[in-house]
Structure formats: structure tokens, C-alpha cells
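The sequence shown begins at 54 in the working numbering and counts up one residue at a time.
So the structure is just underneath, and the comments pick up after that.
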Amino acid sequence: EGGELARLAEQWGGAVLRVPQGIPMPRAGIGALSIPPLLALEQMGLFPGAAGWISAAVDQLARRRDQLSAANNVADRLARVIGRTIPLFYGAGPLGAVAAQRWKADVNENAKAPAFANRVPELCHNEVAGWGQHGDVTRQVFTIVNLRHDHEHPHLGPRFALVDSLVEEVVATINEVRAEGEGPLAQLLDLMLYGDLVSLAMADHEGVDPGPIAALMFIKDALAGSP
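Here it is as C-alpha cells:
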């Protein structure tokens, strides 16, 4: 906040990577915030091959952008399937967990709608037990979206099918989105872009402005006046 960390780093002779100015909101700056540190790590010899990972990610994002720019694309259709239900985003391992959390935040902030996220295998130890009651209600309220990728541990993949079999009769629908691209960075950013566009489509369908977040500003303004 206010560049204090950069000032101290320069004072101590440390390197400073400045984030480009003009990013309208943090959720729009994932590339600007994540790619420069990877390149810096490569230059320090701590992440050999980072540039190749980034290049593969850029290629995949271009392919996904073109795919999801067409009329009636799969992101738009998934947004319509979710509709006014509450989506639960499930991902496996660290990559899937980050992607699921990103989708949740996208729906919260862009579509101004509730959404929740969890990860495999953690949800198999607790959340799955919560579907034992009230199926007549939950099947009208919740939609599951499984976010899959090629870097899941072999023991994690089968858990999706097991969870699906337990909840298929007590949720509205179960959907799957599969990452594409070469390498984990490409697949993570691919899932993120997909989620961005699903949430924007949800906002569009409801006539919601995906930009300003009135609830966040309300809390910030209220706290600014607190002692």
C-alpha cells in the first residue's frame, strides 16, 4: 500500500518489479501479477524453463479465447445451465483448488451471485456428508461444476465419479470443465479464463454490471470511519 515495500527494497538495494499501472481491478490483473515473478525466478536460476511454460500458456489462452468468443459458446451455455442456482466449484489438488477458488470469486464479484468452492480430496472427508438430508431443496438450489486437469494425482480422479454418484439426485446438475494446454501453468490459466467468461456471461444474462462491487465499497467506507 503506497509503495512502501518498493521503497524499502530500493533502499536496501533489492530488485523491484513494478506492476503495470491502469489495471482496473485486481481480478483483471492475474497475468500482470503472476508472470513477472516467474520470469524473475527463471533469471535467478530458480525456475528453469519458465519462459516455455508462459509461451505455452499464451498459446492456450489464445485458443480458448477464440473458442469462447463464438456465439452460443460453451461458457455461455454453462452460464445458462447454472442460471440462478448456486454453483459449487470442485477441483483436485493444488491446481484444481486454485482454479475452483478463482471461479468462486469470479461469480461473486462479476455476477454478484453466491458461489462456493472446495477441493478433492478434502471435500470427500466432510462436505460430501452434508448431502444426506434435504435433497428436495438442494436439487433446486445447487449446481456442481467439476474443474478437471491433466495434472491430478491418479488417486484423486476417481473421487469425482464417486462424489457425483452420491449427489447426482440431490443437485440440479453436475457439469465438467476440462483444462487444455501444455503444462500446469497453461491449464491453470485456461481454467481461469474459462471461469472469467462463464461469470461474465452469468452477469450479462441477469443484466448485472460486472465491474463495480457495491458491497465491497460499502464495507470499505464503513471501516474507513471506524476508530
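Don't be surprised by glycine CBs; every beta carbon is placed ideally from N, CA and C.
Asked: Excluding five sequence neighbours on each side, which residues of the same chain lie with their C-beta closer than 8 Å to the C-beta of Gly264?; Found: Pro77 and Met78
Asked: Note the first and the last residue of the continuous beta strand (DSSP E) segment covering Thr196.; Found: Phe195 to Arg201
Asked: Can you tell which of Val194, Glu57, Leu238 and Asp249 has its C-alpha closest to the C-alpha of Ile227?; Found: Val194
Asked: Cβ atoms of Gly236 and Asp243: under 8 Å apart, would you say?; Found: no
Asked: Kindly indicate the opening and closing residues of the alpha helix (DSSP H) around Ala225.; Found: Neither: Ala225 is in no alpha helix (DSSP H) and is coded neither H nor E.
Asked: Give me, in chain order, the residues of the same chain whose beta-carbon lies closer than 7 Å to that of Glu229; leave out the 5 immediate sequence neighbours on both sides.; Found: Asn199 and Arg201
Asked: Give me whichever residues DSSP pairs with Gly4 in a beta bridge.; Found: The first residue shown for the chain is 54 and the last is 280, placing residue 4 beyond what the model contains.
Asked: Is the separation between the beta-carbon of Val160 and that of Met255 shorter than 8 Å?; Found: yes
Asked: Out of Leu269, Asp257 and Ala267, state which residue places its alpha-carbon closest to the alpha-carbon of Arg130.; Found: Asp257
Asked: Output the boundary residues of the alpha helix (DSSP H) element that contains Glu57.; Found: Glu57 to Gln64
Asked: Which full runs of the alpha helix (DSSP H) of 4+ residues lie inside the stretch 75-145, going along the chain?; Found: 83-96, 103-121 and 127-135
Asked: So, using beta-carbon positions, are Ala168 and Pro211 closer together than 8 Å?; Found: no
Asked: Could you have a look at Arg71 and say whether DSSP puts it in helix, strand or coil?; Found: coil
Asked: Return the residue from the list Gly278, Ile266 and Ala214 that minimises the CA-CA distance to Ala164.; Found: Ile266
Asked: For the ligand ZN, is there any heavy atom lying closer than 7 Å to the beta carbon of Ala150?; Found: The ligand ZN is absent from the structure shown, which contains no ligands of any kind.
Asked: Are there 16 or more other CB atoms within 10 angstroms of the CB of Arg60, so buried, or fewer, so exposed?; Found: exposed
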